[in-house]
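Undergrad: So that we are looking at the same thing, I have put the structure below in structure tokens.
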Amino acid sequence: MSNEKKATRAAYGATLIELAQAGLPVVAVDADLTGSTTTKKFGDVYPDRLFNVGIAEQNMIDVAAGLSLTGNIAYTGSFAVFGTGRVYDQIRNTVCYSNLNVKIAPTHAGVSVGPDGGSHQMIEDIALMRVLPNMKVLVPADYEAARAALKVAAETPGPVYIRMGRASVPCVYEEGKELEMGRAYVLREGTDVTIVACGVEINEALIAADQLAEAGISAEVIDAFCVKPLDEQTILASVAKTGCVVTAEEHSVIGGLGGAVAELLAETTPVPMYRIGMRDVFGTSGEFEELMAAFKLDAAAITEAAKSVISRKNA
Amino acid sequence: MDLRELEAKALDLRVDIITMLEQAKSGHPGGSLSAADIMTALYFGGIMNHDPNNPTKEDRDRFVLSKGHAAPALYAALAEAGYFPKEELVTLRKLGSKLQGHPDCKKLAGVEVSTGSLGQGLSIAAGMACGLKLKGAEQTVYTLLGDGECQEGQVWEAAMFSAHRNLDNLVAIVDHNKLQIDGNIEDVCSPEDLGDKFRAFGWQVFVCDGNDMEAVMDTLTSARGIHCGKPKAVIAETTKGKGVSFMEGQAGWHGKAPNAEQSAQAVAELTGKEVEHV
Numbered sequence: 001m002s003n004e005k006k007a008t009r010a011a012y013g014a015t016l017i018e019l020a021q022a023g024l025p026v027v028a029v030d031a032d033l034t035g036s037t038t039t040k041k042f043g044d045v046y047p048d049r050l051f052n053v054g055i056a057e058q059n060m061i062d063v064a065a066g067l068s069l070t071g072n073i074a075y076t077g078s079f080a081v082f083g084t085g086r087v088y089d090q091i092r093n094t095v096c097y098s099n100l101n102v103k104i105a106p107t108h109a110g111v112s113v114g115p116d117g118g119s120h121q122m123i124e125d126i127a128l129m130r131v132l133p134n135m136k137v138l139v140p141a142d143y144e145a146a147r148a149a150l151k152v153a154a155e156t157p158g159p160v161y162i163r164m165g166r167a168s169v170p171c172v173y174e175e176g177k178e179l180e181m182g183r184a185y186v187l188r189e190g191t192d193v194t195i196v197a198c199g200v201e202i203n204e205a206l207i208a209a210d211q212l213a214e215a216g217i218s219a220e221v222i223d224a225f226c227v228k229p230l231d232e233q234t235i236l237a238s239v240a241k242t243g244c245v246v247t248a249e250e251h252s253v254i255g256g257l258g259g260a261v262a263e264l265l266a267e268t269t270p271v272p273m274y275r276i277g278m279r280d281v282f283g284t285s286g287e288f289e290e291l292m293a294a295f296k297l298d299a300a301a302i303t304e305a306a307k308s309v310i311s312r313k314n315a
Numbered sequence: 316m317d318l319r320e321l322e323a324k325a326l327d328l329r330v331d332i333i334t335m336l337e338q339a340k341s342g343h344p345g346g347s348l349s350a351a352d353i354m355t356a357l358y359f360g361g362i363m364n365h366d367p368n369n370p371t372k373e374d375r376d377r378f379v380l381s382k383g384h385a386a387p388a389l390y391a392a393l394a395e396a397g398y399f400p401k402e403e404l405v406t407l408r409k410l411g412s413k414l415q416g417h418p419d420c421k422k423l424a425g426v427e428v429s430t431g432s433l434g435q436g437l438s439i440a441a442g443m444a445c446g447l448k449l450k451g452a453e454q455t456v457y458t459l460l461g462d463g464e465c466q467e468g469q470v471w472e473a474a475m476f477s478a479h480r481n482l483d484n485l486v487a488i489v490d491h492n493k494l495q496i497d498g499n500i501e502d503v504c505s506p507e508d509l510g511d512k513f514r515a516f517g518w519q520v521f522v523c524d525g526n527d528m529e530a531v532m533d534t535l536t537s538a539r540g541i542h543c544g545k546p547k548a549v550i551a552e553t554t555k556g557k558g559v560s561f562m563e564g565q566a567g568w569h570g571k572a573p574n575a576e577q578s579a580q581a582v583a584e585l586t587g588k589e590v591e592h593v
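Sequence order for the protein chains is A and B.
As numbered in this note's numbering, residues 1 to 315 make up the first sequence, in order.
As numbered in this note's numbering, residues 316 to 593 make up the second sequence, in order.
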């Protein structure tokens, strides 16, 4: 584990090169954002395997579909707002309905695009992708997790969504860490409250766990690396121990990780719960760190929420 | 098959289309009948390399039915070719059937990709054409679009991309039957001259009478043979509901199934036999 901060998106091009070097028939389809998504790095090494369709995201998804139908593992780029929302029908009716080997791997998800503002801050993508049959959803917490996600996606037949962000975040996982489809990972063990987080919220959750420890509260932190299929066993085991839960995601509280955990617990073991996330509002311009605080997505908000659910448990 | 046999086969397809739609009590006769000659040429005229006994054979040409609502025309062709028993045609649109209202590649062998949401087939076909070129394969990808479907912006995204990538192993056939759900394409939102549009995007364009078997065969044969570095568009001038007098040129028959009486009348017209009144 290094102290260097890196964006999850930075893993994209580099990992595709690795996969191609390992002999996998990977191709990347991008829509004029090869520099930002880092697929350009892949194209520099494998020029015939990068397809830049221009500013035409609908075409991007279905060209990827066609490439997958001729034996390739096709990754699609763009920013998350265009790479999921604008092309929802293409993903639904072609990629998922036909269960094609297309990996929807856009970058710049969540509020991490900062100053670009609400139009570009995609906070519904987990919900959109999670609801689709055949789709699997991975939300990597750091550079190494993104690398692992891009790799496990290649090894998993069918559609996989990999959510990557723009902001540089501290590394949580050690170099070369392998992560599995369908797994959540307990990063910190605790007994008083379960914090289930994903993506950039993992770092905030770990800081919150430190803050809670100072207040004598033992928090268990789980990285929901795979939001779908959700690792129900790991989450239920933790909640059975702690009796309350806070979820945290850089995404709407509607339909994302919080929604998934709420659905699970409501059907099995309802416990006091709070969902950290965008509370039915669009984002706004600002620096990433400012937005995390302004929308109460940061460690301080998680700490407060943890105390609140613990008090409800004991009431 | 010679021309006469192909024309007879196209009639068989049309009879199958009418019969299956009547049984289903819903579906799209107009745009299925207009495309019957094109489907016949592709599957029986030796245009496409395909094998009903080995639908996923490596060296097959590919076909994408972008106008997925014309599924009955595709199903009729696949059944006539032997991909599945003809008796199954009457299961169209019924619970448990392989023959979904729009083509489902997970249910029916011979369907390369599920379609039905308009505007996507050309992009998929372009991706396939890229994939085939990437592995140095010689096969051609065919896709059939509707003229109304060309109102979808994605079609032109794909047109631009295909020309830019020099996909001369791609043939897009537009079933130009001039009608869409809400009426005449010229009245709803005219695409103007479709040939000019494709040409402007850098395609090699062919125009033919899409309901004349000889013209269809000649045009598709030419299109296949040319390696000009350009993708090829065939604007097939057709009549919606072709072959059934009361359906021809009628927008109302876009998505409405014939009842038993209408079906009998249609089959009689197609086969040249008197309607048997019971």
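Built from N, CA and C at the ideal position, the CB exists for glycine as well.
Can you list, in chain order, the residues of its chain with a C-beta nearer than 8 Å to that of Y173 (chain A)? Leave out the 5 residues immediately preceding and following it.
TA: Correct list, in chain order: M1, A141, D142, E144, A145, A148, L179.
Undergrad: How would you label G556 (chain B), buried or exposed, when you count the other beta carbons within 10 angstroms and need 16 or more for buried?
TA: Buried: at least 16 other Cβ atoms inside 10 Å.
Undergrad: Return helix, strand or coil for A579 (chain B), following the three-state DSSP convention.
TA: Three-state result, A579 (chain B): helix.
Undergrad: Enumerate, from N- to C-terminal direction, the unbroken alpha helix (DSSP H) stretches of 4 or more residues contained entirely within the stretch 86-143 of chain A.
TA: Runs of the alpha helix (DSSP H) inside the stretch 86-143 of chain A: 125-130.
Undergrad: With a threshold of 8 Å between beta-carbons, can S98 (chain A) be considered close to chain B, or not?
TA: Answer yes: the Cβ-Cβ gap between S98 (chain A) and chain B drops below 8 Å somewhere.
Undergrad: For M278 (chain A), list the residues DSSP reports as bridge partners.
TA: According to DSSP, M278 (chain A) bridges with A:S252.
Undergrad: Beta-carbon separation of S432 (chain B) and D419 (chain B) under 8 Å?
TA: The answer is no: Cβ separation not under 8 Å.
Undergrad: So which residues of chain E does Q58 (chain A) contact, with C-beta pairs closer than 8 Å?
TA: Looking at the structure shown, chain E is missing, and the protein chains on hand are A and B.
Undergrad: At a Cβ threshold of 8 Å, is L326 (chain B) touching chain A?
TA: It does not; no Cβ of chain A falls within 8 Å.
Undergrad: Quick check on V489 (chain B): buried or exposed, where buried means 16 or more other Cβ atoms within 10 Å of its Cβ?
TA: Result: buried.
Undergrad: So what's G345 (chain B) in DSSP terms, helix, strand or just coil?
TA: G345 (chain B): helix per DSSP, three-state reduction.
Undergrad: Nearest chain B C-beta to D48 (chain A) closer than 8 Å, yes or no?
TA: Taking Cβ atoms only, chain B reaches closer than 8 Å to D48 (chain A), which makes this a yes.
Undergrad: Who are the neighbours of F476 (chain B) on chain A, taking C-beta pairs under 8 Å?
TA: Chain A residues near F476 (chain B): V53, G54, A56, N59, V63.
Undergrad: Is it a yes or a no for the stretch 431-449 of chain B touching the stretch 70-90 of chain A, going by three-plus beta-carbon pairs under 8 Å?
TA: Yes, the stretch 431-449 of chain B is in contact with the stretch 70-90 of chain A.
Undergrad: So, do the stretch 459-468 of chain B and the stretch 489-506 of chain B have three or more beta carbon pairs nearer to each other than 8 Å?
TA: Yes, they touch.
Undergrad: State yes or no: is the C-beta of E204 (chain A) within less than 8 Å of the C-beta of D298 (chain A)?
TA: Against a cut-off of 8 Å, the Cβ pair of D298 (chain A) and E204 (chain A) comes out as a contact.
Undergrad: Under three-state DSSP, which class holds F225 (chain A)?
TA: F225 (chain A) falls in the coil class under three-state DSSP.
Undergrad: Could you check whether the stretch 535-552 of chain B touches the stretch 318-336 of chain B, counting it as contact only if at least three pairs of C-beta atoms, one from each stretch, sit closer than 8 Å?
TA: Contact between the stretch 535-552 of chain B and the stretch 318-336 of chain B is absent, because fewer than three Cβ pairs lie under 8 Å.
Undergrad: Could you tell me the boundaries of the alpha helix (DSSP H) in which L297 (chain A) lies?
TA: First-last for L297 (chain A): undefined, no H or E at that position.
Undergrad: I want to verify the contact list: residues of chain B whose CB lies under 7 Å from the CB of Q90 (chain A), in sequence order.
TA: Near Q90 (chain A) (Cβ distances below 7 Å), the residues of chain B are Q435.
Undergrad: Please state whether DSSP places Q565 (chain B) in a helix, a strand or coil.
TA: Of the three classes helix, strand and coil, the one that applies to Q565 (chain B) here is coil, per DSSP.
Undergrad: So, does the stretch 236-243 of chain A touch the stretch 180-192 of chain A, judging by three or more C-beta pairs under 8 Å?
TA: At 8 Å Cβ cutoff, the stretches touch.
Undergrad: Just the chain B side, please: which residues come within less than 8 Å of G71 (chain A) by C-beta, in chain order?
TA: Chain B residues near G71 (chain A): G446, K450.
Undergrad: So, at 6 Å on beta carbons, what are the nonlocal neighbours of M285 (chain B) in its own chain, with the 5 sequence-adjacent residues on each side left out?
TA: With chain B covering 316 to 593 only, the question about residue 285 (chain B) has no answer from this structure.
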